[in-house]
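Undergrad:
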Amino acid sequence: MKLLEACCVPPYFSRESYANVLRTAEALPFVLSPSHMFERPLGTTDHPVDFCLWLSAKGRRDVLAGTSEGIPTSFYTQECWRRIRDFARGWVDETSSLHDVCSVWLEFDIRGRPGGIPIPLFFFTLEPHVSPEPAMELLQPWPFAAPQLATFRRCWEAIPATCRYRTVGIPYSRPTEAIRLILILKHDEAFHYLERVGWSGSASKLSKRVGKFLRFHHEMALHIDIHPQGVEPQVGMEIYMDENSLYRGRGGDCRPLLDAAVEESLCVPELRDALAAWPGSDTLGLPDGRMVRVERMFHHVKLVSQLDLTLQAKAYTTAEYEESPPCGR
981 MKLLEACCVP PYFSRESYAN VLRTAEALPF VLSPSHMFER PLGTTDHPVD FCLWLSAKGR
1041 RDVLAGTSEG IPTSFYTQEC WRRIRDFARG WVDETSSLHD VCSVWLEFDI RGRPGGIPIP
1101 LFFFTLEPHV SPEPAMELLQ PWPFAAPQLA TFRRCWEAIP ATCRYRTVGI PYSRPTEAIR
1161 LILILKHDEA FHYLERVGWS GSASKLSKRV GKFLRFHHEM ALHIDIHPQG VEPQVGMEIY
1221 MDENSLYRGR GGDCRPLLDA AVEESLCVPE LRDALAAWPG SDTLGLPDGR MVRVERMFHH
1281 VKLVSQLDLT LQAKAYTTAE YEESPPCGR
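Position in the sequence shown (first residue = 1) + 980 = this note's numbering.
1) Quick one: give me the first and last residue of the alpha helix (DSSP H) that Trp1179 is part of.
2) Please classify Asp1030: does DSSP put it in a helix, a strand, or coil?
3) Which residues share a DSSP beta bridge with Pro1021?
4) According to DSSP, is Leu1101 part of a helix, a strand, or is it coil?
5) Ala1293 to Leu1186, Cα distance in whole Å?
6) Please classify Gly1260: does DSSP put it in a helix, a strand, or coil?
7) Please check if any C-beta of chain C sits within less than 7 Å of the C-beta of Asp1066.
8) Beta carbon of Phe993, beta carbon of Val1043: below 7 Å?
9) Pick out whichever of Met1217, Phe1031, Cys1143 has its Cα sitting closest to the Cα of Ala1183.
10) Pop quiz: Ile1139 and Ile1150 are said to be a contact at Cβ under 8 Å. What is the actual Cβ separation, rounded to whole angstroms?
11) For Ala1299, which of helix, strand or coil comes out of DSSP?
12) Output the boundary residues of the beta strand (DSSP E) element that contains Arg1276.
13) Secondary structure at Ser1048, three-state DSSP: helix, strand or coil?
14) Using a threshold of 7 Å, state whether the C-beta atoms of Leu1118 and Phe1067 are closer than that.
15) Could you check what DSSP says for Val1084 in three-state terms: helix, strand or coil?
16) So the candidates are Ala1240, Trp1034, Ser1048; which of them puts its Cα closest to the Cα of Arg1189?
17) Are three or more beta carbon pairs between the stretch 1272 to 1288 and the stretch 1053 to 1069 nearer than 8 Å?
18) With Glu1199 as the anchor, note down where its beta strand (DSSP E) starts and where it stops.
19) Given this structure, state the Cα-to-Cα distance separating Arg1154 from Ile1064, to the nearest angstrom.
20) Helix, strand or coil for Met1116 per DSSP?
21) Is the distance from the Cβ of Ser1015 to the Cβ of Glu1243 below 7 Å?
22) How would you label Phe1104, buried or exposed, when you count the other beta carbons within 10 angstroms and need 16 or more for buried?
23) Let's test the definition: count the other Cβ atoms within 10 Å of the Cβ of Pro1021 and tell me whether it reaches 16, buried, or not, exposed.
24) Quick check on Lys1038: does DSSP put it in helix, strand or coil?
25) Determine contact between the stretch 1244 to 1252 and the stretch 1160 to 1178, defined as no fewer than three beta-carbon pairs at a distance below 8 Å.
26) Are the stretch 1031 to 1039 and the stretch 1073 to 1085 in contact at 8 Å, needing three or more beta carbon pairs?
27) Would you give the residue range spanned by the beta strand (DSSP E) that Val1148 belongs to?
28) Suppose the cutoff is 7 Å on Cβ atoms and the five residues either side in sequence are ignored; what does the same chain contact list for Glu1303 look like?
29) Could you spell out the range, first to last residue, of the alpha helix (DSSP H) harbouring Lys1185?
30) The alpha helix (DSSP H) with Arg1091 in it runs from where to where?
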């Protein structure tokens, strides 16, 4: 995060927001993740930026499991971190049913000056043939067959076979029993899925409401929050520029997508311009002589719809870090 300071400037980051993200980052192990993501609502020039870490199956899951040094022992006074550790121990075990988890990410809501142990929203991604049951048994308090998870099981079973990417999120940092389900689907599949799982809104009206954004890519990432009593009214839709941004985090020119958000009064022009200037790369030196290449990318816009079709837009950008050895070694 310190390497990004020159880029984390208003109106994207306020100085206070950057300082608060940095404070959260400093509480976490340096080696845990070489990939960061940032979330920022687009409708105002004054809002905190949230901070995410992404960890692939090839990354340092041993650190998340506590089998290598990194996670402070104080974190394990919190039940959520103990659950994450137990999940990660299965993830590193080649004999475990959790070993096939594709990736995880941890999202930290940054609201004011963070203090104490950072509590994340925890997400894990599975291939279509892999059951969420083993992970769910470890990450939340109910057995997978419990009545509290009946709606989740129904929604999982309704996922179309063509869905290539499915993610489950446990929002430890938020006062809710809801579980988030994120599915990458073709547009028509996404709106049909909402109808199939009993979403209380009109899928056809929602499709028309966001139609201007559907021209950018033939798929979207659909977000629904599943409560024991049913599917919550709020729906999220991640809009991507192209295949590179969707599957490799290497998006093209984000300005047309941001222009559409401005035209729909979902984004202030100053933020559009700041976000369009975010992509780029730098090679920077560390005090020990190592060189680090930092690549900044625009990832996607998420549209969040309420039941009355009121929309909010959020932007997601990334930063990835690749270290080189000191000169002469």
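Glycine is no exception: its CB is placed at the ideal position from the N, C-alpha and C atoms.
What you are looking at is a predicted structure, and each value in this text was computed from that prediction instead of being measured.
TA: A quick look at the data gives this:
1) As a working note, residue 1179 is residue 199 in the sequence shown. Careful: Trp1179 lies outside any alpha helix (DSSP H) and carries neither H nor E.
2) As a position in the sequence shown, residue 1030 is number 50, starting the count at 1. Asp1030: strand per DSSP, three-state reduction.
3) As a first step, residue 1021 is located in the sequence shown; it is residue number 41 there, counting from the start. Note: Pro1021 sits in a beta bridge opposite Lys1294.
4) By one-based count along the sequence shown, residue 1101 stands at place 121. DSSP places Leu1101 in the strand class (E or B) of the three-state scheme.
5) Indexing the sequence shown from 1 puts residue 1293 at position 313. Indexing the sequence shown from 1 puts residue 1186 at position 206. Whole-angstrom Cα-Cα distance: 15 Å.
6) The count along the sequence shown starts at 1 and reaches residue 1260 at position 280. In the three-state reduction of the DSSP assignment, Gly1260 falls in the strand class, which pools E and B.
7) Looking at the structure shown, chain C is missing, and only one protein chain is on hand.
8) By 1-based counting over the sequence shown, the position of residue 993 is 13. By 1-based counting over the sequence shown, the position of residue 1043 is 63. In terms of Cβ geometry, Phe993 and Val1043 do not form a close pair [threshold 7 Å].
9) Taking the sequence shown and counting its residues from 1, the one referred to as residue 1183 is at position 203. Among Met1217, Phe1031, Cys1143, the Cα nearest to that of Ala1183 belongs to Met1217.
10) Position 159 of the sequence shown holds residue 1139. Position 170 of the sequence shown holds residue 1150. At roughly 18 Å, the Cβ-Cβ gap does not stay under 8 Å, so Ile1139 and Ile1150 are not in contact.
11) Translated into the one-based positions of the sequence shown, residue 1299 becomes position 319. Three-state result, Ala1299: strand.
12) On the sequence shown, position 296 is the one that residue 1276 refers to. Unbroken beta strand (DSSP E) run through Arg1276: 1271 to 1285.
13) Numbered from its first residue, the sequence shown carries residue 1048 at position 68. Ser1048: coil per DSSP, three-state reduction.
14) As a position in the sequence shown, residue 1118 is number 138, starting the count at 1. As a position in the sequence shown, residue 1067 is number 87, starting the count at 1. With a cutoff of 7 Å on beta-carbon distance, Leu1118 and Phe1067 are scored as near each other.
15) Counted from its first residue, the sequence shown places residue 1084 at position 104. Strand at Val1084.
16) Counted from its first residue, the sequence shown places residue 1189 at position 209. Among Ala1240, Trp1034, Ser1048, the Cα nearest to that of Arg1189 is on Ala1240.
17) Using a C-beta cut-off of 8 Å, the stretch 1272 to 1288 makes no contact with the stretch 1053 to 1069, since fewer than three inter-stretch Cβ pairs fall below that distance.
18) Taking the sequence shown and counting its residues from 1, the one referred to as residue 1199 is at position 219. Per DSSP, Glu1199 belongs to the beta strand (DSSP E) from 1199 to 1207.
19) Stepping through the sequence shown from its first residue, residue 1154 is reached at position 174. Stepping through the sequence shown from its first residue, residue 1064 is reached at position 84. Arg1154 and Ile1064 have their C-alpha atoms spaced approximately 16 Å apart.
20) As a position in the sequence shown, residue 1116 is number 136, starting the count at 1. For Met1116, the secondary structure class from DSSP, reduced to helix, strand or coil, is helix.
21) Locating residue 1015 in the sequence shown gives position 35, where the first residue counts as 1. Locating residue 1243 in the sequence shown gives position 263, where the first residue counts as 1. No.
22) Counted from its first residue, the sequence shown places residue 1104 at position 124. Phe1104 sits buried, since 16 or more C-beta atoms from the chains shown fall within 10 Å of its C-beta.
23) Counting from 1 along the sequence shown, the entry for residue 1021 is found at position 41. By the neighbour-count criterion, in which a residue is buried when 16 or more other Cβ atoms sit within 10 angstroms of its Cβ, Pro1021 is buried.
24) Along the sequence shown, read from residue 1 onward, the residue named residue 1038 stands at position 58. Looking at Lys1038 - three-state DSSP - the assignment turns out to be coil, as it is neither helix nor strand.
25) Cβ pair count under 8 Å is below three, so no.
26) By the Cβ criterion, the stretch 1031 to 1039 is in contact with the stretch 1073 to 1085, since at least three pairs of Cβ atoms, one from each stretch, lie closer than 8 Å.
27) Along the sequence shown, read from residue 1 onward, the residue named residue 1148 stands at position 168. Note, Val1148: beta strand (DSSP E), 1145 to 1150.
28) As a working mapping, residue 1303 is identified with position 323 in the sequence shown. Around Glu1303: Arg1270, Val1272.
29) Within the sequence shown, residue 1185 is the residue found at index 205, counting from 1. According to the DSSP assignment, Lys1185 belongs to the alpha helix (DSSP H) that extends over 1183 to 1189.
30) Residue mapping note: residue 1091 aligns to position 111 of the sequence shown, counting from 1. For Arg1091, no alpha helix (DSSP H) encloses it, and the DSSP letter there is neither H nor E.
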